[in-house]
């Protein structure tokens, strides 16, 4: 009962679908990545026409450390949605998604219900990390539970085993990340639109060091001579 009374029934954030503002936020947060930014802006433009961001799930894939997670955070900021992240890497227990039945000691709702309680809104942006590393065990198939979570035909009546009542997740914007596509279960792949996030080349890394690391130090009036030396070194 405590969980039911703390969920944000009918409470949503006012979504922003402003292309100029979204472009500014993406540029502030990420250097380069023009192809990725273009695809995100197309997604927002289509959402403007439709009046909703619900639809195909975006999946950002690429090597570790290229900014996939921070891109999702920037999208949440651009859309004025609360942000929540959880990883499914190595997950083999379906209860992590669907919740534990109350007969179990230490039973808890699933991640998505925990998300709604934490964000206090029905329409957060939820990043599901490492979707290519799902496990499978005797506790059930997390991939099937994720499919139910991501499917717009089903998630309006998502049943969490702990709550034992259906919850409407149709307003949640889901985004996923992966390192590789081959290990994502095919039914999940079919639900997602893949966007590659490639690593930075050497000259881009140098420019990021100049723009993101050194110039803010100038702005805060740190040792300008030392910063000049650092810039010459790179």
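In UniProt numbering, the protein residues as written are 1 to 234. Ideal Cβ positions, reconstructed from N, Cα and C, are used throughout, including at glycine.
A Cβ-Cβ separation of about 4 Å places residue 97 in contact with residue 145 under the 8 Å criterion. In this chain, residue 87 is not harboured by any alpha helix (DSSP H); it is covered by the beta strand (DSSP E) spanning 83 to 87. If you check the CB distance, residue 72 and residue 25 do not come in under 9 Å.
Per DSSP, the unbroken alpha helix (DSSP H) holding residue 2 starts and ends at 2 to 6. Positions of the alpha helix (DSSP H) runs, each at least 4 residues long and wholly inside the UniProt domain "AAA+ ATPase" (54 to 199), are given as 68 to 79, 95 to 98, 111 to 119, 142 to 150, 186 to 189 in order along the chain. Comparing alpha carbon positions, the residue from 126, 161, 201 closest to residue 104 is 161. Of the other Cβ atoms in all chains shown, 16 or more fall within 10 Å of the Cβ of residue 58; this residue is therefore buried. Contact between residue 121 and residue 12 holds, since their C-beta atoms are separated by about 6 Å, short of 8 Å. Taking C-beta separations shorter than 6 Å and ignoring five residues to either side along the sequence, the partners of residue 191 in its chain run 57, 150, following chain order. Note on geometry: alpha-carbon atoms of residue 63 and residue 133 lie some 13 Å from one another.
Beyond the five residues adjoining it in sequence on each side, residue 19 comes within less than 8 Å, by CB distance, of 41, 44, 45, 48 in the same chain, given in chain order.
Of the other Cβ atoms in all chains shown, 16 or more fall within 10 Å of the Cβ of residue 173; this residue is therefore buried.
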